[in-house]
Each structure stands twice: as C-alpha cells, then as structure tokens.
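Here the working numbering is used: the first residue of the sequence shown is -15, the next is one more, and so on. Note that CB positions come from ideal geometry on N, CA and C, so glycine has one too. The model shown is predicted, which means the values in this text are computed figures rather than measured ones. Okay, structure first, notes after.
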Amino acid sequence: MEIVVSPAELPTAEVRDLPKDGLVLLDVREDDEWAAGHAPGAVHIPMGELPARVGELADLPDDQPIHVICRSGGRSARATSWLNQSGWDAVNVAGGMGAWQREGRPMVGEHPGIDPEVI
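Shown next as structure tokens:
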C-alpha cells in the first residue's frame, strides 16, 4: 500500500463537519489503539490488513463515502488514497481520533471499567 497523493488532491473532512448520525467510519488503527477507545459504530480494519480485508467494506452503505480515521490523520490519509485509487469513495478525517476526542464526540473502549482514550 505504497501510494503517495498530494494532500491537495486528498478528500478530507474536519471532525466538526461530520454528521452526528449515519456516518460510515473506518478506523485503520492497530488493535491496541482500537481497544483503548474508538467511535461507536466504526468498522475496524488495521491499515496493514486493509488490502486483504477490503472486501469487508462491501457490507457498508454505498450511498455515502467511507470516512477513514486513525490517531492523527497520517495512516488514514494513506488508506484513503489507496481506497480511492481502488475504486472506493473515501474521505480522510483530518486530525484523526485526537480531533474526534477534542470535539467531544462519543467514544467507547474494550476495557470494562476504564474510560476510553486515544493512544
């Protein structure tokens, strides 16, 4: 997945501009990052597994873009580029889960009794 695209050519959205409901969100962070805290309803496919698991995205609604998120926006930018060049309609989420958390968007974690966090 070695695709380089100019940032000016990459579809990007700010967290504050994302809809509160009905958002198709793909989280490409690693398993430990996902377990620590993620957006409710997001789909999790680590970036390194995306080419092998891209077929799983076919189950997502196809009437809107797939918004791709990571911790800060770097991995998701590469994944967004790859997805778009592979025929998907993908948008990078600027600032990643860090921006998600700063905007006060809901988060859930996989560790009972521990508040979700972005790591």
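When secondary structure is reduced to three states using DSSP, Asp1 falls in the helix class. In chain order, Val12, Arg59, Ala63 place their CB closer than 6 Å to the CB of Met31, counting only its own chain and leaving out the 5 sequence neighbours on each side. Here Leu10 carries a strand assignment [DSSP, helix/strand/coil]. Excluding its 5 nearest sequence neighbours in each direction, Asn76 has C-beta neighbours in its own chain below 6 Å: Leu(-6), Thr(-4), Val52, Ser60, Ala61, Thr64, listed in chain order.
Val8 and Ile50 have their alpha carbons spaced roughly 5 Å apart. Per DSSP, Ala23 is not a residue of any beta strand (DSSP E), being assigned neither H nor E.
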